[in-house]
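Counting in the numbering used here, the sequence shown runs from 78 upward without gaps.
By construction, the Cβ of each residue, glycine as well, lies at the ideal position given by its N, Cα and C atoms.
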Amino acid sequence: MSFDYNTTMNKLVLPEYGRNLQMMVDYMMNIEDREERTKAANTIIGIMGNLNPQLRDVTDFKHKLWDHLSMMTDFKLDIDTPYQMPEVSILLKKPNRVPYNSNNIRFKHYGKNVENFIGQAIELEEGEPKQVFIKIIANHMKKLYLTHNRESVSDAQILSDLNELSGGRLTLSGDIKLIETKDVLQKNKKKKQIIRKKGGK
């Protein structure tokens, strides 16, 4: 007795339906009588729906099944179908390229959001609420700085970066202290440990 291995067979167009269904599709395509071929196709569509019940949640799931059947026949399905068969050029058309955001980010480890926050802080009137917001931004900057494989950073460095990003328009009162570096590093360490544990499950 000889066995056929998947590695020696033709690659499946839609693997989720399995090789047995593909064999049924191939058999259906060899039926010469158009009416009988149409009956066979409708039977296959019913089986495809049972194999992929999650498609029932998709709008026009029956239409989707017929599109799949057309793909499995290499778009050579020649029967009376309830839907217009898809054109190869349209179905296999690559999606439009998403334009890359080319906005220049001066400090990539802080990201664009920090620059946006700084822009909002600049617009605030001077006073305690503004100082609180600046402190939140500075602490966030420190966390981001230490997240990017950096062992330490001084508050002076963070405030210097804040000053540069704000064009010298944001400063913190001298009595305000930032979050301790050791606390940030400890939290980062715990996060990494949790991620490793989840990944090991």
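Asked, Found
"Euclidean distance between Cα positions of Lys267 and Lys259", "12 angstroms"
"C-alpha gap between Ala233 and Leu221, whole angstroms", "15 angstroms"
"Alpha carbon of Asp144 to alpha carbon of Lys189, nearest angstrom", "42 angstroms"
"Arg96 - containing alpha helix (DSSP H), residue span", "95-106"
"Separation of Glu164 from Ile124, as counted between CA atoms", "24 angstroms"
"Simplified DSSP state of Lys88, which is helix, strand or coil", "coil"
"Sequence ranges, alpha helix (DSSP H) only - wholly within the segment 212-277, length at least 4", "232-242, 258-277"
"Inter-residue Cα distance where the pair is Val230 and Thr224", "11 angstroms"
"Cut-off 8 angstroms between Cβ atoms - residues of its own chain near Ile195, not counting five sequence neighbours on either side", "Ile214, Leu239, Leu242, Ser243, Leu247"
"Local conformation of Gln197 per DSSP, three classes", "helix"
"Three-state secondary structure assigned by DSSP to Asp154", "In the sequence as presented, Asp is not what sits at residue 154; that position holds Leu. Coil."
"Proximity of Val102 and Leu142 at Cβ, strictly below 8 angstroms", "no"
"Nearest candidate by alpha-carbon position, reference Thr150, set Gly95, Asp110, Val90, Arg133", "Val90"
"When Met218, Tyr104, Gly245, Ile271 are compared against Lys185, the one with the closest alpha-carbon", "Met218"
"Closest residue to Glu228 among Leu255, Val261, Lys212 (Cα-Cα distance)", "Val261"
"Among Ile235, Phe210, Glu200, Gln197, the one whose alpha carbon lies nearest that of Tyr187", "Ile235"
"Cutoff 7 angstroms; reference Asn216; Cβ partners in own chain excluding five residues on either side", "Leu255, Ile256"
"Backbone secondary structure at His186 - three-state DSSP", "coil"
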